[in-house]
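Colleague:
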Amino acid sequence: MLLQSFFDPGHGFLSSVDERTVAVLAFVLFVVVGAVAEYRGDARGGTVVAALVGFVVALVLWGPPMFAEEWHYAVVVAVPVVVAFYFYRGR
1 MLLQSFFDPG HGFLSSVDER TVAVLAFVLF VVVGAVAEYR GDARGGTVVA ALVGFVVALV
61 LWGPPMFAEE WHYAVVVAVP VVVAFYFYRG R
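In our numbering, the protein residues as written are 1 to 91.
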């Protein structure tokens, strides 16, 4: 079910391999995208948000079902990355 709650009842946060895989891949992608945006001088967090939308769409449309159902972990990982790049910009 693609529209499940953020935290599935019955098991812990990032407790399965597929949850950790989606979170780690998303974190690496968002940090790289944010670093490139910072290098180019346009890091306001919006670039990472655009990468999040693209990542979630690609994951849901083309990812294996076991990973596609864990899309919400990409959102959880994106929030601190967006905040970090928003406040770090220009330093």
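A virtual CB, placed ideally from N, CA and C, is assigned to each residue, including glycine.
(1) Which residues in the same chain have their Cβ closer than 7 angstroms to the Cβ of Phe55, if we skip the five residues on either side of it in sequence?
(2) Contact between the segment 57-74 and the segment 33-41: three or more CB pairs below 8 angstroms?
(3) At the level of alpha carbons, what is the spacing between Phe13 and Gly46?
(4) In whole angstroms, what is the alpha-carbon distance linking Val82 and Met66?
(5) Pick helix, strand or coil for Arg40, following the three-state DSSP scheme.
(6) What residue range is occupied by the uninterrupted alpha helix (DSSP H) comprising Leu14?
(7) Please check the pair Leu52 and Ala78, which I expect to be a contact at CB under 8 angstroms, by giving their CB distance rounded to whole angstroms.
(8) For the candidate residues Glu38, Thr21, Arg89, whose alpha-carbon lies nearest to that of Leu59?
(9) At the level of alpha carbons, what is the spacing between Arg89 and Tyr39?
Modeller: Let me lay it out:
(1) Ala26, Leu29, Ala74
(2) no
(3) 26 angstroms
(4) 26 angstroms
(5) helix
(6) That residue, Leu14, is in no alpha helix (DSSP H); it is neither H nor E in DSSP.
(7) 4 angstroms
(8) Thr21
(9) 9 angstroms
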